[in-house]
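S.K.: Numbering (the numbering used here), first residue to last: 7 to 820.
Backbone N, C-alpha and C define an ideal beta-carbon position, used for all residues, glycine too.
Nothing here was measured: the structure is a model prediction, and the numbers come from that model.
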Amino acid sequence: MKEFFIRRYSSDNPLAADRRTLVRIDDEGLVTSADHHAEAVLGYDAGELEGQPVHRILAARQDDPFAPANRHRMEGGEPVLITFRHKDGFFFTASLSLRVNMRDSDKAANAYITLRDSSPVDHQLTRLAEGSAGFGIWELNIHNNELTWTEGLYTLLQLRPGANITPEQALFYCQTGQGRVRALFRRCVRSGEPFSISLDVVTAKQQHRRVELTGKAMKENGRIHRIGGALVDHTRAFGLEQARRHSGQLLMATANATNDLVAAVDRRLNLLYFNQAFSRQFAHTFGHLPHPGGHLPDLLRDFPNERRLIERLWNRALERDSFVVEMPLAQQNRDLPVYEFHYQRVTNDRGEVTGAVHVGKDISARVSNASSSEYRIRHDPVTGLMNRKAFIHRLKRVIEPPRRRDTTDGLLYLDLDNFDRINDLAGSGTCDRYLRELASNLGVKVRQRDALSRLSGDTFALLIENCPEAQARRIADNILELIGSFVFDWQDRQLQTTASGGLLILNDEAPTDPEQLLRQAADLCHTAKTSGRNRIHAAHAISEGPDEGASGKLVEQIRSALDNGHLILEYQPLRPVASVTWGDHIEILSRIPGQTPEQPSLQPGEFLPVAERFDLAKPLDRQVIRQTFQWLGSQRLLEPRLKYCGFNLSLASVLDDTFADFMESVLANSPYAAECFCLEIRESHATQYPDEVAVQCDALHRIGCRVALDGAGASVESYSLAARLPVDIIKLDRKMMQNLHDDPVQQVMVEALHKIAEAAGKTTVATFIENDDTLRKVRTLGIHFGQGFRLCRPRPLQDLKPAAVDLSTGRIGG
7 MKEFFIRRYS SDNPLAADRR TLVRIDDEGL VTSADHHAEA VLGYDAGELE GQPVHRILAA
67 RQDDPFAPAN RHRMEGGEPV LITFRHKDGF FFTASLSLRV NMRDSDKAAN AYITLRDSSP
127 VDHQLTRLAE GSAGFGIWEL NIHNNELTWT EGLYTLLQLR PGANITPEQA LFYCQTGQGR
187 VRALFRRCVR SGEPFSISLD VVTAKQQHRR VELTGKAMKE NGRIHRIGGA LVDHTRAFGL
247 EQARRHSGQL LMATANATND LVAAVDRRLN LLYFNQAFSR QFAHTFGHLP HPGGHLPDLL
307 RDFPNERRLI ERLWNRALER DSFVVEMPLA QQNRDLPVYE FHYQRVTNDR GEVTGAVHVG
367 KDISARVSNA SSSEYRIRHD PVTGLMNRKA FIHRLKRVIE PPRRRDTTDG LLYLDLDNFD
427 RINDLAGSGT CDRYLRELAS NLGVKVRQRD ALSRLSGDTF ALLIENCPEA QARRIADNIL
487 ELIGSFVFDW QDRQLQTTAS GGLLILNDEA PTDPEQLLRQ AADLCHTAKT SGRNRIHAAH
547 AISEGPDEGA SGKLVEQIRS ALDNGHLILE YQPLRPVASV TWGDHIEILS RIPGQTPEQP
607 SLQPGEFLPV AERFDLAKPL DRQVIRQTFQ WLGSQRLLEP RLKYCGFNLS LASVLDDTFA
667 DFMESVLANS PYAAECFCLE IRESHATQYP DEVAVQCDAL HRIGCRVALD GAGASVESYS
727 LAARLPVDII KLDRKMMQNL HDDPVQQVMV EALHKIAEAA GKTTVATFIE NDDTLRKVRT
787 LGIHFGQGFR LCRPRPLQDL KPAAVDLSTG RIGG
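1) I want to know whether the segment 359-372 touches the segment 473-485 - three or more CB-CB distances under 8 angstroms.
2) Which same chain residues end up closer than 6 angstroms to Ser459 when comparing Cβ atoms and leaving out the 5 residues on each side of it in sequence?
3) Counting Cβ pairs closer than 8 angstroms, one from the segment 344-352 and one from the segment 312-332, do we hit at least three?
4) Just confirm the distance between the C-beta atoms of Pro800 and Tyr577, as a whole number of angstroms; I'd bet it's less than 8 angstroms.
5) What three-state label does DSSP hand Pro20 in the structure shown?
6) Measuring only the C-alpha atoms, how far is His790 from Val784?
7) Spatial neighbours of Phe613 within its chain, please: CB distance less than 7 angstroms, with the 5 preceding and 5 following residues excluded, ordered by chain position.
8) State the Cα-Cα distance for the pair Ala135 and Leu162, rounded to the nearest angstrom.
9) Can you grab the Cα-Cα spacing for the pair Asn304 / Gln212, in whole Å?
10) Taking the runs of the alpha helix (DSSP H) that are 4 residues or longer, which of them lie wholly in the segment 698-755?
11) Inspect the CB distances between the segment 696-716 and the segment 741-749 and report whether three or more fall short of 8 angstroms.
12) Grab the span of the beta strand (DSSP E) containing Asp590 for me, first residue to last.
13) Is the separation between the beta-carbon of Val352 and that of Leu324 shorter than 7 angstroms?
14) Let me check understanding here. Comparing Cα to Cα, which of Arg322, Ile63, Leu315 and Asp272 lies closest to Pro298?
15) Suppose the cutoff is 8 angstroms on Cβ atoms and the five residues either side in sequence are ignored; what does the same chain contact list for Pro20 look like?
16) Count Cβ pairs between the segment 169-187 and the segment 255-269 that sit closer than 8 angstroms; are there 3 or more?
17) Hey, how far is the Cα of Glu776 from the Cα of Ala765?
18) Here's the rule I'm using: 16 or more other beta-carbon atoms within 10 Å means buried, otherwise exposed. How should Gly361 be labelled?
19) Under the rule that 16 or more other beta-carbon atoms within 10 Å means buried, what is Gln744, buried or exposed?
20) Tell me, which residues are paired with Pro802 by DSSP?
21) Considering only residues of the same chain and omitting the five flanking positions on each side of Arg708, which have a CB-CB separation below 8 angstroms?
22) In the DSSP assignment, the beta strand (DSSP E) including Gly142 goes from what residue to what residue?
23) Quick one: is Leu87 buried, meaning 16 or more other Cβ sit within 10 Å of its Cβ, or exposed?
24) Can you name the start and end residues of the beta strand (DSSP E) that Gln226 belongs to?
25) Less than 6 angstroms between C-beta atoms, sequence neighbours within five positions excluded: which residues of the same chain meet that for Leu568?
26) At which residues does the beta strand (DSSP E) containing Tyr279 begin and terminate?
27) What separation, rounded to the nearest whole angstrom, lies between the Cα atoms of Val207 and Pro173?
28) When the Cα of Leu486 is compared with those of Val363, Asn447 and Val29, which residue comes out closest?
29) Using the rule of at least 16 other Cβ atoms within 10 Å of the residue's Cβ for burial, across every protein chain shown, is Arg14 buried or exposed?
30) For Gly82, I'd like the list of residues in its chain whose CB is within less than 6 angstroms of its CB, leaving aside the five on either flank, ordered along the chain.
31) Just mark Asn150 as buried or exposed, buried being the case when its beta carbon has 16 or more other beta carbons within 10 Å.
32) Around the Cβ of Pro588, are there at least 16 other Cβ atoms within 10 angstroms (buried) or fewer (exposed)?
33) Starting from Lys367, trace the beta strand (DSSP E) both ways and give me its first and last residue.
34) Hey, quick one: how far does the beta strand (DSSP E) through Val208 stretch, first residue to last?
35) Give every residue of the same chain whose Cβ lies closer than 6 angstroms to the Cβ of Ala658, excluding the five residues on either side of it in the sequence, and list them in chain order.
36) Buried or exposed: Arg188, going by 16 or more other Cβ atoms within 10 Å of its Cβ?
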């Protein structure tokens with residue numbers, strides 16, 4: 007029987023505490039029980055799962071938790087990711103961890119351990135013990151000098167059991183210590199004092215063995231009448247110890263024969279070994295000698311800046327197989343050798359990490375030599391990072407054609423907040439030390455394939471190669487957190503600051519001018535600074551953006567509408583085309599008001615690219631939702647009529663882990679039911695980030711909202727997304743509606759997508775219905791809802807008010 011925790015998996019937050027259930031499975035693969043959370047995670051009530059085979063809730067046989075690969079990992083305490091089949095038919099990724107592991111045949115039984123009495127031990131049991139442990143028992147009767155051996159002692163000396171041999175002849179097998187053995191026997195007989203001695207013996211077959219002879223007096227009525235003991239074979243242990251000592255001596259001789267700094271630590275950063283070169287350089291740098299077994303952080307207690315950096319390096323070595331860094335042993339304000347440190351993780355036979363080692367090679371001559379002028383040309387003299395020229399060259403090499411398609415890179419532009427304050431307080435020399443150690447800490451954090459550069463002053467840049475957008479955002483957040491937590495000790499004071507950053511996502515449509523990319527990233531960073539500092543603003547790179555002056559005015563116009571809550575809201579109805587359905591079904595659309603009453607409002611195509619570039623898309627989504635809920639709250643008569651209210655989500659909101667919490671907080675103060683509201687996610691976003699979208703769908707379903715896949719049919723992956731993605735509504739793409747009435751291929755594709763959605767229990771919506779011919783064909787194909795100018799044009803949200811009705815008690819509606 008095994009007990010498993012099944013936890014819905016999010017790549018952004020793999021340790022989420024909710025959406026977890028406990029399932030118990032017997033050795034036959036049948037579910038015996040599940041807790042009350044099973045329905046929230048798997049869709050099945052606990053009673054429905056009992057007695058069912060576990061394969062009912064698995065996507066494929068390779069997801070079997072009893073498969074050897076999965077079982078070994080879980081038994082080692084490591085969770086595994088497998089794919090489950092929800093009761094509703096869609097698939098999702100979950101983390102599976104083992105809680106209890108025992109055989110069904112293992113039954114609890116009462117047992118007692120007691121001391122064995124003085125009755126004789128069965129000779130077969132004695133023979134088994136002696137043969138397994140490599141020992142023999144002897145006994146000497148001091149009255150008649152009769153010496154008896156067990157079979158194990160004969161075997162140890164490679165004699166035939168029962169061979170005729172005298173004690174004096176037995177002593178000849180001892181190569182050393184015969185006189186001492188006789189003395190120990192006489193003293194034990196005389197005083198009763200026990201003894202133990204290690205001996206080298208040569209067996210009857212001329213084999214050398216290391217043994218231990220022990221003896222003890224046995225008394226009756228207070229008088230010694232016998233002595234007895236054991237002869238134990240320690241040859242194997244002695245050989246292993248000799249080999250260990252020889253290896254240690256060989257390691258010491260090898261390590262001391264080089265001037266490289268060699269050191270090894272355990273998982274707790276205790277020094278296991280270091281050579282003389284490391285000891286000398288450590289004493290020269292920090293003023294005292296290290297000692298074996300010493301705790302490295304304690305040895306660096308008086309050097310807090312160096313201690314934090316060295317701790318991060320060793321901890322990184324324990325997490326990765328190997329890596330290389332170039333740095334001095336300390337970041338002090340004096341000339342110290344620069345070393346190339348090679349870190350390597352150490353594991354045992356079971357694959358468990360036991361420690362790490364490093365070898366540091368002095369490269370000061372290479373760095374400072376005139377022949378290495380190229381190094382100085384390409385690297386910043388203060389931090390040792392790439393300088394701007396080298397970074398531009400690296401960036402150009404990544405983005406210039408022919409660029410590998412379907413890859414996403416990221417460009418992170420960082421600027422330290424209020425760094426002038428540190429410069430005024432501590433001076434330029436201390437600032438250089440601060441930047442040098444900060445750069446070393448950032449170098450530990452970034453991936454080996456990425457490029458980190460100091461562009462100028464307090465400005466850094468990081469090229470994140472071949473990395474999905476969601477992961478690039480996490481990397482940027484982690485770096486921002488590291489900078490905020492970095493503390494530099496100076497004259498009993500702690501210097502600390504934060505940073506603002508701009509993350510530019512580079513895809514196939516990104517421009518190939520590196521300077522243009524840096525300018526766009528710098529604009530994002532400036533937006534982050536003006537928005538409050540200590541934050542990251544992200545956007546996609548654009549090839550031919552609007553004029554910079556016009557772009558700035560447009561940003562101010564968007565911000566003004568957000569700050570004052572002056573977004574113009576419109577709605578476009580969704581009409582049932584296959585059957586009659588009561589109630590209002592609407593999609594909310596937003597416009598940005600003009601700068602003057604005479605200017606027309608901005609359409610989404612005009613302001614959305616700029617909003618996404620300057621990281622305003624997420625606050626724009628939230629403001630649309632807030633204003634809509636505020637207006638609906640004042641129209642209580644709409645509450646029974648409103649059946650569907652859809653909001654379009656930007657990619658920033660789709661990848662936002664806190665968006666579901668925001669929706670839940672808005673719904674808490676609304677009289678409208680959560681199932682009235684639907685969040686529409688673009689098909690292109692779902693294709694690019696299927697796992698993140700699935701997690702966001704689950705979070706929105708948890709609070710009761712519905713989710714729509716907008717633009718379905720734009721790619722061949724739409725059919726698989728419509729089947730397996732946990733959405734409620736499939737909105738067909740505009741291109742599928744064009745020429746639908748006279749294009750039989752389009753009709754087959756729309757019908758197939760509709761049937762897939764209908765089989766998965768999802769509702770379909772045909773968008774952009776512009777004429778009667780398209781409407782008739784949509785009805786013929788059985789699509790549930792339609793949307794477009796032929797049915798209704800977008801109208802101001804205020805027009806959704808119920809019609810006014812005059813009653814004797816007064817007027818309602820209007």
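M.R.: This is what the structure holds:
1) As far as the Cβ criterion goes, the segment 359-372 does not touch the segment 473-485, which means the pair count is below three.
2) Closer than 6 angstroms at Cβ, skipping near neighbours: Leu391, Met392, Phe397 and Ala467.
3) yes
4) 7 angstroms
5) Bear in mind that the predicted position of Pro20 carries a pLDDT of just 47, short of 50, making it too unreliable to give a figure here.
6) 9 angstroms
7) Leu560, Ile564 and Ile598
8) 13 angstroms
9) The sequence given here places Asp at residue 304; Asn does not occur at that position. One C-alpha to the other measures close to 54 angstroms.
10) 724-730 and 740-743
11) At 8 angstroms Cβ cutoff, the stretches do not touch.
12) Asp590 to Arg597
13) no
14) Asp272
15) Confidence is the limiting factor: at Pro20 the pLDDT is only 47, short of 50, which leaves the residue's position unreliable and the question unanswerable from this model.
16) Taking a cut-off of 8 angstroms on C-beta distances, the segment 169-187 does not touch the segment 255-269, as fewer than three cross pairs fall below it.
17) For Glu776 and Ala765, the distance between alpha carbons rounds to 28 angstroms.
18) buried
19) exposed
20) Glu576
21) When the five nearest sequence neighbours on each side are left out, the beta carbons in the same chain lying within less than 8 angstroms of the beta carbon of Arg708 are those of Asp24, Arg25, Ala46 and Ala666, in order along the chain.
22) Phe141 to Asn147
23) exposed
24) Reading off the sequence shown, one finds Glu at residue 226, where the question assumed Gln. First-last of the beta strand (DSSP E) with Glu226: His214 to Glu226.
25) Pro625 and Gln629
26) Leu277 to Phe280
27) 15 angstroms
28) Checking every option, the nearest Cα to that of Leu486 belongs to Asn447.
29) buried
30) none
31) exposed
32) The sequence shown places Trp at residue 588, rather than the Pro named in the question. So Trp588 ends up on the exposed side.
33) Its beta strand (DSSP E) spans residues Val359 to Asp368.
34) Phe201 to Val208
35) Once the five neighbours on either side are set aside, the close Cβ partners of Ala658 are Ala623 and Lys624.
36) The residue in question, Arg188, is exposed, as its Cβ has fewer than 16 Cβ neighbours within 10 Å.
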